[in-house]
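Q:
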Amino acid sequence: MKRFAYLLRFLPILFFVGLTITFFYFSPEGILSLVGVENAYVLLFVLAFLGGLTTGSGIPYHVVLISFAAGGLNPLILGITTALAVTFGDCTTYYVGYFGGQLMPVRVQTALKKLSFLKERYPRLLPTIFFLYGACVPFSSDLVTIPMGFLKYPLWRVMLPLGLGTVIFNTALAYAAVYLYGWLAPFT
Numbered sequence: 001m002k003r004f005a006y007l008l009r010f011l012p013i014l015f016f017v018g019l020t021i022t023f024f025y026f027s028p029e030g031i032l033s034l035v036g037v038e039n040a041y042v043l044l045f046v047l048a049f050l051g052g053l054t055t056g057s058g059i060p061y062h063v064v065l066i067s068f069a070a071g072g073l074n075p076l077i078l079g080i081t082t083a084l085a086v087t088f089g090d091c092t093t094y095y096v097g098y099f100g101g102q103l104m105p106v107r108v109q110t111a112l113k114k115l116s117f118l119k120e121r122y123p124r125l126l127p128t129i130f131f132l133y134g135a136c137v138p139f140s141s142d143l144v145t146i147p148m149g150f151l152k153y154p155l156w157r158v159m160l161p162l163g164l165g166t167v168i169f170n171t172a173l174a175y176a177a178v179y180l181y182g183w184l185a186p187f188t
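Take the sequence shown: its position 78, counting from 1, is numbered 78 in UniProt numbering, and each next residue is one higher.
1) So the candidates are Val17, Leu14, Gly89; which of them puts its Cα closest to the Cα of Phe45?
2) I'd like to know whether the C-beta atoms of Gly165 and Tyr122 end up nearer to each other than 8 Å.
3) Can you check which of these residues, Leu47, Gly72, Phe68, Ala70, is closest to Pro60 by C-alpha distance?
4) Are Thr82 and Leu53 close, meaning C-beta to C-beta below 8 Å?
5) Is Asn39 helix, strand or coil by DSSP?
6) State buried or exposed for Gly18, treating a residue as buried only when at least 16 other CB atoms are found within 10 Å of its CB.
7) Between the C-alpha atoms of Met104 and Gly182, what's the straight-line distance to the nearest angstrom?
8) Could you give the distance in angstroms between the alpha-carbon of Leu115 and the alpha-carbon of Asn74?
9) According to DSSP, is residue 223 part of a helix, a strand, or is it coil?
10) Note down, in chain order, each residue of its chain lying with its Cβ closer than 7 Å to the Cβ of Leu151, except the 5 sequence neighbours on either side.
11) Among the residues of its own chain, which have a CB less than 6 Å from the CB of Met148, if the five just before and after it don't count?
12) Using only the alpha-carbon positions, how far apart do Leu143 and Gly71 sit?
13) State the Cα-Cα distance for the pair Ile77 and Val42, rounded to the nearest angstrom.
14) Would you report the Cα separation of Val178 and Ile168, rounded to the nearest angstrom?
15) Could you check whether Leu162 and Ser141 sit closer than 8 Å to each other, using their CB atoms as the reference points?
16) How long is the line joining the alpha carbons of Phe10 and Pro127, rounded to whole angstroms?
17) Below 8 Å on the Cβ atoms is my contact criterion, and I expect Leu155 with Tyr94 to pass it. Report the Cβ-Cβ distance as a whole number of Å.
18) Measure the C-alpha to C-alpha separation of Gly97 and Arg107 and round it to an integer number of angstroms.
19) Please name the residue in Phe68, Ile13, Arg124, Tyr25 whose C-alpha comes closest to that of Glu38.
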């Protein structure tokens, strides 16, 4: 039983090493033909959901998004698919802050309570900040969702602008991949 538990710890590492090797040795078209078009959207949705679900975003779904876009999938559908999945995953981290705030160390709770002045002073500005964060920042949304959950800021006021911003970011990333791959392809 210990061997099985030991193996389970290395399964994610083996998965990501295998994924990295696959992306290194195959072209985007080859990866897409290996996975299949229908399965590609599902795979990307699952990876993006896990990326939104995990704190610190340990799942590199952006690499898969870029490969699938360069492989010929529709960048707009890819952007919307990944943004929906990440937003669903981010809802869980919002609820971690909402319900798990009491489990945080006192220093963290004190620091987060200092942010409550933003909620009270600029309640209409925060959704704009969330949108800009989602549209411009490639980092995990946990920096937004956990504190806002802790402060009991309404879920829809966090997730709607953050999700729309993520649609813009992921769609722009997919279109950039298509154009850059088309531009760089003659040189390879």
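Ideal Cβ positions, reconstructed from N, Cα and C, are used throughout, including at glycine.
A: Reading from the atomic positions:
1) The shortest Cα separation from Phe45 among Val17, Leu14, Gly89 belongs to Gly89.
2) In this structure, Tyr122 does not lie closer than 8 Å to Gly165 by Cβ.
3) For Pro60, the nearest C-alpha among the options comes from Leu47.
4) No, the Cβ-Cβ distance between Thr82 and Leu53 is not below 8 Å.
5) Helix.
6) Classification of Gly18: exposed, given that the 10 Å Cβ count is below 16.
7) Spanning the two alpha carbons is a distance of roughly 48 Å.
8) Taking the straight line joining both Cα atoms gives about 40 Å.
9) For residue 223 there is no data in the structure shown, the boundaries of the chain being 1 and 188.
10) Take Leu151, set aside five residues on each side of it, and the residues of its chain with a beta-carbon closer than 7 Å to its own are Leu112, Leu115, Ser116, Lys119, in chain order.
11) Take Met148, set aside five residues on each side of it, and the residues of its chain with a beta-carbon closer than 6 Å to its own are Val158, in chain order.
12) The C-alpha of Leu143 lies about 32 Å from the C-alpha of Gly71.
13) If you take the alpha carbons of Ile77 and Val42, they lie about 12 Å apart.
14) Taking the CA atoms as reference points, Val178 sits about 15 Å from Ile168.
15) When the beta-carbon positions are compared, Ser141 and Leu162 come within less than 8 Å of each other.
16) One C-alpha to the other measures close to 39 Å.
17) That belief holds up - the Cβ atoms of Leu155 and Tyr94 are roughly 6 Å apart, short of 8 Å.
18) If I take the Cα positions, the gap works out to 15 Å.
19) Check the Cα spacing between Glu38 and each of Phe68, Ile13, Arg124, Tyr25: the tightest is with Phe68.
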